[in-house]
Structures are given as structure tokens and as C-alpha cells.
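A short worksheet on the structure shown next.
Numbering (the numbering used here), first residue to last: 84 to 147.
Structure representation (C-alpha cells):
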């Protein structure tokens, strides 16, 4: 079985943070979306978070 997963990467330097993630959503071996937003700003833009799996899917559905 081939393992596939989301990549979320955070880098901090001094008082700055960069957070990024891949944008690919797959079902089995099929790419169903190549530009998904898996990084979100929450709580008045004071919290950055990355979502994967079912949570990322739920956000994608809410955007439609």
C-alpha cells in the first residue's frame, strides 16, 4: 500500500512565522483538486493552522 499524506511546514525566525502546505486533494489514486487551501487564519487572524484529511475536505466543501 502506498502512503500519501499532506505536507504542512512551519518556519519561525525571531517574531515571524511562515506556514505553508501542499494543495493537492486525492481520492485513492485520483487527484480531485490541485489548489486546495489547507492553511487557515483563525481567531481574528491571530492563529495560523494547517488542516489535512477530513478537516481539509470539510473546509473545501464549505467553500463551494
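Think of the CB as a built atom: it goes at the ideal place given N, C-alpha and C, for glycine as much as any other residue.
**Message:** Quick check: what's the CA-CA separation for residue 140 versus residue 91?
**Reply:** For the purposes of this step, residue 140 is taken as residue 57 along the chain shown, with counting starting at 1. For the purposes of this step, residue 91 is taken as residue 8 along the chain shown, with counting starting at 1. Their backbone Cα atoms lie some 15 Å apart in a straight line.
**Request:** Using DSSP bridges, identify the partner residues of residue 101.
**Result:** Looking up residue 101 in the chain shown gives position 18. DSSP, once it has assigned bridges, lists 94 as partnering residue 101.
**Asked** By Cβ distance below 6 Å, which residues in the same chain neighbour residue 93 in space, the five residues on each side in sequence not counted?
**Response** Locating residue 93 in the chain shown gives position 10, where the first residue counts as 1. Correct list, in chain order: 102.
**Prompt:** Mapping DSSP to helix, strand and coil, what is residue 133?
**Reply:** The residue labelled residue 133 in the question sits at position 50 within the chain shown. Residue 133: strand per DSSP, three-state reduction.
**Item:** Straight-line gap, residue 131 to residue 121 (C-alpha atoms, nearest Å)
**Value:** For this step, residue 131 is matched to residue 48 along the chain shown. For this step, residue 121 is matched to residue 38 along the chain shown. Whole-angstrom Cα-Cα distance: 11 Å.
**Message:** In the DSSP output, which residue or residues are listed as bridge partners for residue 120?
**Reply:** Taking the chain shown and counting its residues from 1, one reaches residue 120 at position 37. DSSP output for residue 120 lists no bridge partner at all.
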